[in-house]
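With my numbering applied, the sequence shown corresponds to residues 6 to 310, in that order. See below for the structure under consideration.
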Amino acid sequence: MTSVIDRPAPRAAAPAKPPRTPRRNLAGGRHLPSKVAVNGLLILGSAYMVLPLLWLVFAATKNAGELYSGDAFAFGSDLVANMQRLLGQDDGIFLRWLGNSILYAGVGAIVGGFVSLMAGYAFDKFEFRGKRGLYASVLVGVLIPNTATVIPLYLLAASIGLTNTIWAVLIPTLCNPFSVYLARVFSSGYLPAETLEAARVDGAGPIRSFLQVGFPMLVPGFVTIALFQFVGIWNNFMLPLIMLQNRDLFPSSVGIALWQSQVQQNPEFSTLVIAGSFVSVLPLIIAFVMLQRFWRAGLSAGSVK
6 MTSVIDRPAP RAAAPAKPPR TPRRNLAGGR HLPSKVAVNG LLILGSAYMV LPLLWLVFAA
66 TKNAGELYSG DAFAFGSDLV ANMQRLLGQD DGIFLRWLGN SILYAGVGAI VGGFVSLMAG
126 YAFDKFEFRG KRGLYASVLV GVLIPNTATV IPLYLLAASI GLTNTIWAVL IPTLCNPFSV
186 YLARVFSSGY LPAETLEAAR VDGAGPIRSF LQVGFPMLVP GFVTIALFQF VGIWNNFMLP
246 LIMLQNRDLF PSSVGIALWQ SQVQQNPEFS TLVIAGSFVS VLPLIIAFVM LQRFWRAGLS
306 AGSVK
């Protein structure tokens with residue numbers, strides 16, 4: 006006899022699932038107007054900041070006649086002549102003004118930035134009597150505009166005979182409340198208390214702990230503070246205008262304003278004003294390009310604790 010073996014019937018293949026239709030991003034559609042508005046405002050803000058600088062680049066190549074006629078965003082042919090006249094005007098007085106600006110801004114950025122860094126480090130890491138009150142006064146100082154302090158500073162400088170000297174401009178740059186505030190933020194974000202405690206266990210005192218342990222870790226924050234100080238002092242106008250009468254001590258901002266006041270009597274001074282403004286922007290660009298790596302790191306660390 007032949008035996009028949011029952012074999013299991015093969016299973017039917019499962020029906021293929023229909024492909025999913027992608028859902029429309031309803032949230033993205035709802036937020037589209039806000040994105041367009043935000044990007045539009047950013048574009049307008051960028052144009053507001055970039056277009057004057059771009060115009061300055063083109064204007065520095067033109068003579069007095071071309072400044073007031075023709076296309077504003079077109080190159081002229083007098084860049085070399087404008088620079089030669091700028092550097093030769095009044096026996097090269099602009100170079101003296103530029104050197105004064107570098108002196109005021111450089112000393113204020115390095116020395117003032119270091120003083121602010123030490124103050125912020127002390128507010129963050131030390132406990133002492135009156136700490137909260139002193140730091141509150143620093144925050145109040147951040148809210149006071151610099152122009153409101155010019156007259157009191159002038160009266161103080163006049164009482165001790167410092168007006169019309171470089172010290173009348175240098176000394177006020179050595180203390181900046183906003184820089185102290187930034188330094189405390191950087192100290193709390195960059196420098197763990199455990200690191201300083203380990204240094205104290207190894208026998209380091211407060212000064213040695215700051216110089217050998219704290220300061221190397223705070224270098225990006227110091228560079229950021231120094232850049233803010235440099236730009237603020239470089240663009241400062243009211244303080245040197247009130248403090249100084251000798252034009253050999255003027256920074257470039259006050260010197261260019263002096264030339265600007267003579268444009269109505271002599272229109273040829275307009276090219277000096279444009280060329281001087283163009284040259285005055287270059288040190289700021291160079292400083293940011295050389296130190297932008299530290300600046301970006303300092304801003305990111307200062308914004309996240």
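Just so it is clear, CB atoms sit at the ideal spot from N, CA and C, and this is done for glycine as well.
message: Quick check: V236 and I261, are their CB atoms within less than 8 Å of each other?
response: Not closer than 8 Å, so no.
field: Close-in-space but distant-in-sequence residues of the same chain around A280 (CB under 7 Å, 5 per side omitted)
entry: Cβ neighbours of A280 beyond the five flanking positions: A65, N87, M88 and L91.
query: Grouping DSSP H, G and I as helix and E and B as strand, with all else coil, what is A209?
result: Of the three classes helix, strand and coil, the one that applies to A209 here is coil, per DSSP.
query: Are S257 and L103 close, meaning C-beta to C-beta below 8 Å?
result: Annotated as proximal: S257 and L103, with beta-carbon spacing under 8 Å.
task: Express the C-alpha separation of I247 and N169 in angstroms, rounding to a whole number.
output: The straight-line gap separating the alpha-carbon atoms of N169 and I247 is approximately 9 Å.
query: Does the pairing of the region 127-146 with the region 190-201 give three or more beta-carbon distances under 8 Å?
result: Touching, yes.
- prompt: Beta-carbon separation of N68 and D83 under 8 Å?
  reply: Note that the C-beta distance between N68 and D83 is below 8 Å.
task: Would you check if there are 3 or more beta carbon pairs closer than 8 Å linking the region 210-226 to the region 264-272?
output: Not touching, per the Cβ criterion.
- prompt: Where are the beta strand (DSSP E) runs, 3 residues long or more, that stay fully inside the region 153-208, in chain order?
  reply: With a minimum length of 3 residues, no continuous beta strand (DSSP E) run stays inside the region 153-208.
task: Quick one: give me the first and last residue of the alpha helix (DSSP H) that K136 is part of.
output: Segment K136 to L148, the alpha helix (DSSP H) holding K136.
field: Helix, strand or coil at F215 according to DSSP, with G and I counted as helix
entry: Looking at F215 - three-state DSSP - the assignment turns out to be helix.
- request: Return helix, strand or coil for A42, following the three-state DSSP convention.
  value: In this structure, A42 counts as helix in the three-state DSSP scheme.
field: Proximity to G146 [Cα-Cα], best of V185, G166 and R101
entry: The alpha carbon of G146 has as its nearest neighbour, out of V185, G166 and R101, the alpha carbon of V185.
message: Beta-carbon within less than 8 Å of I171's beta-carbon, same chain only, minus the 5 sequence neighbours each way: which residues are those?
response: Within the same chain, N105, L108, Y109 and L254 come within 8 Å of I171 by CB-CB distance, once the 5 residues on both sides are set aside.
field: Complete runs of the alpha helix (DSSP H) confined to the region 240-310 [at least 4 residues]
entry: Segments of the alpha helix (DSSP H) lying fully in the region 240-310: 243-248, 257-265 and 274-308.
message: Does D96 come out as helix, strand or coil in the three-state DSSP assignment?
response: Assigned with DSSP and collapsed to three states, D96 falls in coil, not helix or strand.
task: Put L223 into one of helix, strand or coil per three-state DSSP.
output: Coil at L223, not helix or strand.
Burial state of W60, where buried means 16 or more other Cβ atoms lie within 10 Å: By the 16-neighbour rule on beta-carbons within 10 angstroms, W60 is exposed.
message: As a quick exercise: from R252, L175, A231 and L216, pick the residue whose alpha carbon is nearest that of G118.
response: Ranking R252, L175, A231 and L216 by Cα distance to G118 puts A231 first.
message: On the CB-based measure, 16 or more other CB atoms within 10 Å of its CB, does N44 come out buried or exposed?
response: Exposed is the call here.
query: Between A79 and F63, is the Cβ-Cβ spacing less than 8 Å?
result: Yes. Within cutoff.
Contacting residues, own chain, Cβ-Cβ under 6 Å from A114 (five flanking each side not counted): So the qualifying residues of the chain are A231, Q234 and F235.
- prompt: To the nearest angstrom, how far is it from the Cα of L287 to the Cα of L58?
  reply: Roughly 11 Å between the two C-alpha positions.
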